[in-house]
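J.: Start counting at 1 in the sequence shown, then tack on 298, and there's your number in the numbering used here.
By construction, the Cβ of each residue, glycine as well, lies at the ideal position given by its N, Cα and C atoms.
Pasting a structure here, questions to come.
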Amino acid sequence: MYWGFFLMHMTGSSKIAIYGALAANLCIAAVKFIAASVTGSSAMISEGIHSTVDSGNSLLLLLGMKRSQRPPDRDHPFGHGKEIYFWALIVAILVFSLGGGMSVYEGITHLQHPVELRDPFWNYIVLGSSIIFEGASLVYAVKQFNKSRGSLGFWKELSMSKDPGLFAVIYEESAAIAGLLIALAGVFLGHYFQNPVYDAVASILIGLVLVTVAITMVKESKGLLVGESAKNEIVKGIYEMVNNEERVKTLYFPLTMHLAPNEILLALDVEFQKEMTVGELFTAINQLEDSIKLKFPSVKKIYIEAKNFGGRQEPWKQYPGE
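Here's what the structure looks like:
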């Protein structure tokens, strides 16, 4: 019960961001397809496909969040938290194939068989309103992300984010706004020069934007599925806290892995002072675990291997790559 409550609480802001994006995309997709049928715009068809794919992606992310909240069982002793990363990967694949691929195909088809453009009025109305709705969804998602991000630059922190519920929405909404601006330019230039080629090229460019975003999301999801470490400030914070404990003689590099966006597995290799009794050793380990969880709430599982042999110099730098 506690496990599920914790994950639901920690992913609340992500869920709200996804629900907002879902509502916006469903409405916008319907309006875009209506406008495309009236005006014959290839870019507008691509944008309708884009919004439809985004709507499906939001549902998949919500499904992943729900399934990741299932408690541990015999086959999954560490829980199902990583399932959200799996569904984020599926979302990235759909953005690449359905969003990017179909938009590029639609543009190439209209290059080969140009369609005469009709009254662009509804295109402008739909694109303008879509930019407003997508922009509002993006601003909210960015605000939620900023509440938890570190001191590095925005894009750097986003690439290091462990929460697909937020980074997927930010990437998708950013791509949506870029696509809308490209579609707007394609519609305008197509009618201004009375040349449907501009509209078809805009569709291809929208597809390329989606492919780029999809590749970025695949890279992010792949790293999380394989098992990414906690942020460097958390790892170093844990190291400094434990290393400053007077009962600890030598501490080697803490090993961490994200099991879910807000759940970290921690393994410590510690050499305690030789003068300690077994009882004192168990007390020290329990106190260390309580202190770590208090200062770093996202650390949920801790495994400490206590050793009693001569330590090496500068153990922090023994970690590969340091």
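#1: Excluding the five sequence neighbours on either side, which residues of its own chain have a C-beta within less than 6 angstroms of the C-beta of E569, listed in chain order?
#2: Buried or exposed for L592, going by 16 or more other Cβ atoms inside 10 Å?
#3: Where does A528 fall in DSSP's three states?
#4: Can you pull the DSSP bridge partners for D567?
#5: Thinking just about the alpha-carbon of each residue, which of I429, A434 and F465 is nearest to the one in S446?
#6: Following the continuous beta strand (DSSP E) through M555, name the residue where it begins and the one where it ends.
#7: In three-state DSSP terms, what is V351?
#8: For N584, count neighbouring Cβ atoms within 10 angstroms of its own Cβ and tell me buried if that reaches 16, exposed if not.
#9: Keeping to the same chain, check which residues put their C-beta closer than 8 angstroms to that of G338; ignore five residues upstream and five downstream.
#10: Output needed for A582: all residues of its chain with C-beta closer than 6 angstroms, excluding positions within five of it in sequence on either side, in chain order.
#11: Which residues mark the beginning and the end of the beta strand (DSSP E) in which V546 is found?
#12: With C-beta atoms as the reference, is V393 less than 8 angstroms away from V351?
#13: Quick one: is Q367 buried, meaning 16 or more other Cβ sit within 10 Å of its Cβ, or exposed?
#14: When burial is assigned at 16 or more other CB atoms within 10 Å of the CB, is H348 buried or exposed?
#15: Which first and last residues belong to the alpha helix (DSSP H) in which G463 is found?
#16: Might you give, ordered along the chain, the residues of its own chain that have their beta carbon closer than 6 angstroms to the beta carbon of L563, omitting 5 neighbours on each side?
#17: Would you grab the beta carbon distance between V389 and N355 for me? Rounded to a whole angstrom, and I think it's under 8 angstroms.
#18: Can the beta-carbon of I316 be found closer than 8 angstroms to that of I406?
#19: Identify whether E573 lies in helix, strand or coil by the three-state DSSP scheme.
#20: Checking 8 angstroms against the spacing of the C-beta atoms, do G484 and V507 come in under that value?
#21: Does DSSP classify E561 as helix, strand or coil?
#22: To the nearest angstrom, how far is the alpha carbon of M299 from that of L358?
#23: Quick one: using the 10 Å Cβ neighbour count with 16 as the cut-off for buried, is K460 buried or exposed?
T.: Let me spell this out:
#1: Here residue 569 refers to the residue found at position 271 when the sequence shown is read from its first residue. The answer, listed in chain order, is K547, T548, K605 and G609.
#2: The residue labelled residue 592 in the question sits at position 294 within the sequence shown. With fewer than 16 other Cβ atoms within 10 Å, it is exposed.
#3: Counting from 1 along the sequence shown, the entry for residue 528 is found at position 230. DSSP places A528 in coil when its eight states are reduced to three.
#4: Locating residue 567 in the sequence shown gives position 269, where the first residue counts as 1. In DSSP, D567 forms a bridge with E603.
#5: Start at 1 with the first residue of the sequence shown, and residue 446 comes out as number 148. It is F465 whose Cα lies nearest to the Cα of S446.
#6: One-based indexing of the sequence shown puts residue 555 at position 257. From DSSP, the beta strand (DSSP E) with M555 extends over L553 to A558.
#7: Position 53 of the sequence shown, counted from the start, is the residue given in the question as residue 351. Reduced to three states, the DSSP call for V351 is helix.
#8: Working through the sequence shown from its first residue, we reach residue 584 at position 286. Flag for N584 reads exposed.
#9: Start at 1 with the first residue of the sequence shown, and residue 338 comes out as number 40. Excluding residues within five positions, the ones whose Cβ falls inside 8 angstroms are V413, E414, L415 and R416.
#10: Here residue 582 corresponds to residue number 284 of the sequence shown, with the count starting at 1. For A582, where only same-chain residues beyond five positions count, the Cβ hits under 6 angstroms are R545.
#11: Indexing the sequence shown from 1 puts residue 546 at position 248. Segment V546 to L549, the beta strand (DSSP E) holding V546.
#12: Your numbering for residue 393 matches position 95 in the sequence shown. Your numbering for residue 351 matches position 53 in the sequence shown. Against a cut-off of 8 angstroms, the Cβ pair of V351 and V393 comes out as a contact.
#13: In the sequence shown, the residue the question calls residue 367 occupies position 69. With 16 or more Cβ atoms within 10 Å of its Cβ, Q367 is classed as buried.
#14: If you number the sequence shown from 1, residue 348 lands on position 50. Classification for H348: buried.
#15: As a first step, residue 463 is located in the sequence shown; it is residue number 165 there, counting from the start. Here the alpha helix (DSSP H) through G463 covers P462 to Y490.
#16: Along the sequence shown, read from residue 1 onward, the residue named residue 563 stands at position 265. Hits under 6 angstroms: M555, L557 and K599.
#17: As a position in the sequence shown, residue 389 is number 91, starting the count at 1. As a position in the sequence shown, residue 355 is number 57, starting the count at 1. About 4 angstroms separates the two Cβ atoms, so the contact holds.
#18: If you number the sequence shown from 1, residue 316 lands on position 18. If you number the sequence shown from 1, residue 406 lands on position 108. Going by C-beta atoms, I316 is not nearer than 8 angstroms to I406.
#19: Taking the first residue of the sequence shown as 1, we reach residue 573 at position 275. Three-state result, E573: coil.
#20: Here residue 484 corresponds to residue number 186 of the sequence shown, with the count starting at 1. Here residue 507 corresponds to residue number 209 of the sequence shown, with the count starting at 1. Their beta carbons are not under 8 angstroms apart, which means G484 does not touch V507 by this criterion.
#21: In the sequence shown, the residue the question calls residue 561 occupies position 263. Strand, per DSSP.
#22: On the sequence shown, position 1 is the one that residue 299 refers to. On the sequence shown, position 60 is the one that residue 358 refers to. Caution is warranted here: a pLDDT of 32 is assigned to M299, below 50, making its placement in the model unreliable, and the coordinate value is therefore given only provisionally. About 24 angstroms.
#23: By one-based count along the sequence shown, residue 460 stands at place 162. Burial call: buried.
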